[in-house]
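These notes are about the structure you will find just below.
What follows is the structure in C-alpha cells.
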C-alpha cells in the first residue's frame, strides 16, 4: 500500500483501559459515544502479572484474570454484538480461559451467544526448563545462579494470533501476555488483511498507533506536563486510533468528551516507557526516529512516515519471583530544628545519623543496629518559617527496610522505633500505626527463542496454532546507542554557540514537556519541545477558534470522508526555526551522562543512555538500575519514576536569550 486510500477504509480502534483499575465506565462510554469498529483495552503492567498471581493463589485456578473486565463487558456485550463491534482484550492475564468462561456466563444471563476466542501458549511455567539457563536482560545474571523460584513466566507475543482469531470469526478475543500495542496491531491487520511476512511498513504504523492509545487517556491529556491547557480533563475521553491500509493513523477521541488530542499529547505518550528509537515488538520494530506528526483537525493528530525494521527472533519474557519482605514507617517532625530532630530520631532508633542517609541502602543497613539487608531513609522537608498552621510546619522522616526474612522487617523494625517514643524529639508521632511486613516480588526480564513458542487459538471448542516467531524475523535487533551518539554529535556540530549575556535562570519546564516511566529496573525520561502549532491546537480544543473544527461522525463509514477533510495545521517558518533552536539547546543540556547526573544527582553511578529524536524535537534518557529490581522491590519515594520528568522540569537552568525569543519562555511560564 502506498496511500491510505488504497484498500478498505481506515478502521476505528478504541481504547477503554490503560491499566487494571482504570475508569470502569470507559467501555460503555466508547461503545455509546460514537462509531467504532473495535474495542480494545490494556490491563497488564509488569506488576499486574504478580497481582494476578496472588489473586489466583487466593481464589484458585481460573481466577488469574482482570475481573473488572467481566462487569464492563456485561454493560456493553449486547451493544457490541448488535453493532458488530469486535472486542480485543489482554484482560485474560494468567487465565484467559477462565475469563472466557466468566464472559460466557454473562452472555448466557443476557441471552447472547458471542464467539469468544481464547489465545494461550504464552505461559511458560510448565515448560521453563526447556529453555535452558535464562539470562536477565538488565543484570546479565543467570536464573540458575540467582537461586530464585519463578512465580510467573509469560512470553510477550504480537498481533498475529489476534488477527487470525478475528479472521476466524471471533466477536471477542481474550489474550494472555500479548504486548500492549499488539491489540491494535492485530485488529488493524485483520481489518486490512495484512501479510505478517510482507506488510511490515503498515504493521509498524499500527504498532506506533497502538503504543499511543495503549495507556488510555494519557493520549488525550492525562498526566500531561501542560495539563492546564487541557479542557475538561476531569472527564477526558479515551483515545481512538483510526488506522489506514498503509499504516498511517489518526489519533482522536469521541466528540463532546473532555481532554485534548494534540501533537503535544501524542508526543508525550510516544515517549512513555521507551528506550532507543527502535521500538521492538514480536511482529515488527518501528523506527521512532521516522515518525511524523501533524495536527489535521480539532483533536485529530496524524501519524505517518513510520519506517519498519525487521523484528527479532526472540520473545521477551515477563518472569516474576518472590524477593522477600519490606516495611515502612513515617515519622512526623513539627516546627523548628527539623534536621536536629531527624538526627536524634535516627540515632535513638537505628544507630545512624542524618549524615549517613546518603549511603547506599545495603551500606546504611550494615551501619545501623537493625539486622536487615536494606535500609533507606528520606527526610521530606515541608516546613516554612513562621508557620501559620500544621500545613506549613510539618516535615516527614520516612524509614524503609527490606530483607529476604519477613521476621526481620516486622516487629524487630517497628519495635526499635516505638520503644524510643518517649526518649526522642518533641512532638514525635507517626502518620500511621506500625504495620506488619509485606512481601514483594521482583520482575526478572529475560528472552526465549520465538521458535520455541506456539500460540493456540480456541473458538467454540475448535483450536488452531499460530507460531509466535514472526515470518519476517531476522535475528537480534541492533542496539541504538551508536546511532544516537552520531545524531547528538551532528546536532552539536550545527548548534550556534549563544552568548549568555542577559541570560535568565528559569525552570526547564517552561520550555519542555516531559513524561517518565519504568521498565523493570530502568527509568526513562522523555523531554520534548512543544510544536509551534500547539497553541492553536489548544484553542481548537477549547472552542476559541473554528479553524479545522471536526464535525461529529454519524457512522463508521464517515471515516473516509473525515480523512478526506483532514488538513495539516501549518506553522510559520520562523516559529519552526525557533523550536529547532530550542531543541538543540535542550539537547545540549543532557547530551552526556555527566550533564544528566548534574541535573539529577541521584542518577549518579547509573549508566545513562541518551537518544535524541529530532523529528519529534525530543530526547529520551534511559537510566539503568535507577529503580533497583523494579516497582515492587525498590524502596524509593517514586518506585515507578512517574514523577521523574516533573522533577527534571522543575530544575532551574540558564536560558541563553539570544538562542530564541523570550516568547518561547513566556507562553509556558503562564501555564
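Numbering (my numbering), first residue to last: 30 to 700. Think of the CB as a built atom: it goes at the ideal place given N, C-alpha and C, for glycine as much as any other residue. Since we're looking at a predicted model, the values are computed, not measured.
Do the CB positions of residue i and residue j come within less than 7 Å of each other?
i           : j           : result
residue 318 : residue 556 : no
residue 329 : residue 323 : no
residue 85  : residue 123 : yes
residue 401 : residue 436 : no
residue 271 : residue 588 : yes
residue 45  : residue 70  : yes
residue 237 : residue 117 : no
residue 229 : residue 337 : yes
residue 500 : residue 226 : yes
residue 542 : residue 244 : no
residue 570 : residue 289 : yes
residue 187 : residue 211 : yes
residue 424 : residue 362 : yes
residue 265 : residue 284 : no
residue 349 : residue 154 : no
residue 335 : residue 320 : yes
residue 534 : residue 626 : no
residue 484 : residue 190 : yes
residue 81  : residue 93  : yes
residue 482 : residue 470 : no
Is residue i helix, strand or coil when you go by DSSP?
i           : result
residue 103 : helix
residue 698 : Bear in mind that the predicted position of residue 698 carries a pLDDT of just 44, short of 50, making it too unreliable to give a figure here.
residue 658 : coil
residue 49  : coil
residue 164 : strand
residue 295 : helix
residue 60  : helix
residue 689 : In this prediction, residue 689 scores a pLDDT of 47, lower than 50, which makes its location untrustworthy; the coordinate-derived value is nonetheless stated afterwards. Coil.
residue 65  : coil
residue 158 : helix
residue 553 : strand
residue 124 : coil
residue 135 : helix
residue 641 : strand
residue 307 : strand
residue 329 : strand
residue 108 : helix
residue 301 : coil
residue 36  : coil
What does DSSP give as the partner residue(s) for residue i in the beta ladder?
i           : result
residue 473 : 348
residue 314 : 338
residue 437 : BP columns for residue 437 are empty, so no partner.
residue 413 : DSSP, once it has assigned bridges, lists no residue as partnering residue 413.
residue 77  : Residue 77 pairs with nothing; no bridge assigned.
residue 152 : 183
residue 548 : 551
residue 673 : In DSSP, residue 673 forms no bridge with anything.
residue 431 : 355, 403
residue 9   : Here the chain has residues from 30 to 700 only, and residue 9 is not among them.
residue 681 : 536
residue 94  : According to DSSP, which records beta bridges pairwise, residue 94 is partnered with nothing at all.
residue 207 : 186
residue 287 : 265
Could you pull the start and end residues of the alpha helix (DSSP H) that residue i belongs to?
i           : result
residue 403 : Taken as a continuous stretch (DSSP letters only), residue 403 belongs to no alpha helix (DSSP H), being part of the beta strand (DSSP E) at 403-409.
residue 196 : 189-196
residue 567 : 563-570
residue 173 : 172-175
Taking residue i as part of the beta strand (DSSP E), name the residues at either end of that continuous run.
i           : result
residue 182 : 179-184
residue 324 : 321-326
residue 144 : No beta strand (DSSP E) holds residue 144; DSSP gives it neither H nor E.
residue 647 : 647-652
residue 457 : Careful: residue 457 lies outside any beta strand (DSSP E) and carries neither H nor E.
residue 43  : 40-44
Identify every run of the beta strand (DSSP E) within the segment 459-545, keeping only runs that are complete inside it and at least 3 residues long; order them along the chain. 467-478, 483-488, 491-496, 533-536
Write down every uninterrupted run of the alpha helix (DSSP H) in the segment 585-636 whose length is 4 residues or greater and which is fully enclosed by it, in chain order. 588-594, 602-618, 622-628
Output the residue ranges of the alpha helix (DSSP H) runs that lie fully inside the segment 213-285 and measure 4 residues or longer, sorted by chain position. 229-242
Restricting to runs no shorter than 3 residues, where is the beta strand (DSSP E) found entirely within the segment 355-409? 403-409
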